[in-house]
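Here my numbering is used: the first residue of the sequence shown is 10, the next is one more, and so on. Even glycine gets a Cβ: it sits at the ideal position worked out from N, Cα and C. Contents: one structure, followed by commentary.
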Amino acid sequence: MARPCFKLEKGHPDPVAGVDEAGCAPLAGPVVAAAVILDRHRFPRGIDDSKAIPAKTREAIYARLRTVAVVGVGMATVEEIDRLNIFWARMLAMERAVDALGVEPAMVLVDGNRCPRWTRPSVAIVDGDAKCRSIAAASIVAKVTRDRLMAEYARDYPGYGWETNKGYGTPEHQRALEALGPTPIHRRSFAPVRQLTLELQPQLPAANIRAH
10 MARPCFKLEK
20 GHPDPVAGVD
30 EAGCAPLAGP
40 VVAAAVILDR
50 HRFPRGIDDS
60 KAIPAKTREA
70 IYARLRTVAV
80 VGVGMATVEE
90 IDRLNIFWAR
100 MLAMERAVDA
110 LGVEPAMVLV
120 DGNRCPRWTR
130 PSVAIVDGDA
140 KCRSIAAASI
150 VAKVTRDRLM
160 AEYARDYPGY
170 GWETNKGYGT
180 PEHQRALEAL
190 GPTPIHRRSF
200 APVRQLTLEL
210 QPQLPAANIR
220 AH
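Put into structure tokens, the structure is as follows:
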């Protein structure tokens with residue numbers, strides 16, 4: 010299967026930024042977006058959709074991208090996800106990622122079927138992380154950044170398995186939710202957490218004592 014290439018970047022004036030996000034589906038943690046401007050003559054080998062490559066490979070490519078590419082990262086918090094809904098929180102994280110580049114791109118290629126409500130030139134590309142090298146690079150940065158963040162949260166809130174499940178609704182995570190209750194990092198607007206929050210409402214202060 011062909012890997013992402015620069016075909017979709019060609020024809021656009023430089024600089025071209027690729028944008029992707031990680032963490033729309035999990036029950037806990039922020040959504041993280043990344044924007045990446047690649048040097049088409051100097052970039053890491055092996056760039057692909059972050060979901061298609063092993064964690065160690067992602068980490069190695071991420072480290073290289075930080076030295077040879079222009080990278081911006083943006084997040085939307087759990088509170089913003091609950092207030093805006095996950096779609097608009099994703100759009101907000103993408104806007105923040107492009108703003109964080111420090112360089113205004115002439116074109117932004119966005120993974121998905123819709124671009125944020127901004128005035129900058131942009132194109133949405135369905136499955137862009139599998140087609141476009143800049144978007145694939147952004148997918149790697151977003152996933153590595155979020156995975157590291159969830160590992161940090163796992164130390165603060167042990168027992169939920171976030172160091173491995175990254176906040177997704179795995180059976181392990183679901184069992185921990187029922188046994189320990191939701192934490193401040195859980196998304197109250199997501200159905201499994203919302204239902205449990207209602208059931209455990211009187212117990213929440215005790216369940217949310219921060220671990221040290």
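Reduced DSSP secondary structure (H/G/I, E/B, other) of residue i
| i | result |
| --- | --- |
| A215 | Because the pLDDT at A215 is just 46, under 50, the model does not fix this residue reliably, and the point stays unresolved. |
| L101 | helix |
| I46 | strand |
| R184 | helix |
| I62 | coil |
| R155 | helix |
Contact check, residue i vs residue j, beta carbons under 8 Å
| i | j | result |
| --- | --- | --- |
| A43 | V82 | yes |
| A145 | V28 | no |
| P114 | R99 | no |
| A85 | V40 | yes |
| P125 | M159 | no |
| S198 | N94 | yes |
| V119 | A109 | no |
| A147 | P13 | no |
| V224 | V112 | The structure shown does not extend to residue 224, since the chain is modelled only from 10 to 221, so the question has no answer here. |
In DSSP terms, what residue i is bridged to
| i | result |
| --- | --- |
| V107 | DSSP, once it has assigned bridges, lists no residue as partnering V107. |
| S143 | The partner list for S143 (beta bridge, DSSP) is empty, contrary to what the question assumes. |
| G121 | Paired residues: none, contrary to the question. |
| I56 | According to DSSP, I56 bridges with nothing at all. |
| S131 | V117 |
| A31 | V41 |
| H21 | Paired residues: none, contrary to the question. |
Cutoff 7 Å; reference residue i; Cβ partners in own chain excluding five residues on either side
| i | result |
| --- | --- |
| R67 | S59, I149, K152, V153 |
| I194 | A37, G38, V87, Y162, Y166 |
Close beta carbons around residue i, own chain, < 8 Å, minus the five adjacent residues each side
| i | result |
| --- | --- |
| A64 | D156 |
Through-space distance from residue j to residue i, alpha-carbon basis
| i | j | result |
| --- | --- | --- |
| G176 | G32 | 8 Å |
| T206 | Y71 | 37 Å |
| E18 | G168 | 44 Å |
| L186 | R49 | 45 Å |
| Q183 | W171 | 12 Å |
Close beta carbons around residue i, own chain, < 6 Å, minus the five adjacent residues each side
| i | result |
| --- | --- |
| E89 | A98 |
| G137 | D120, I144 |
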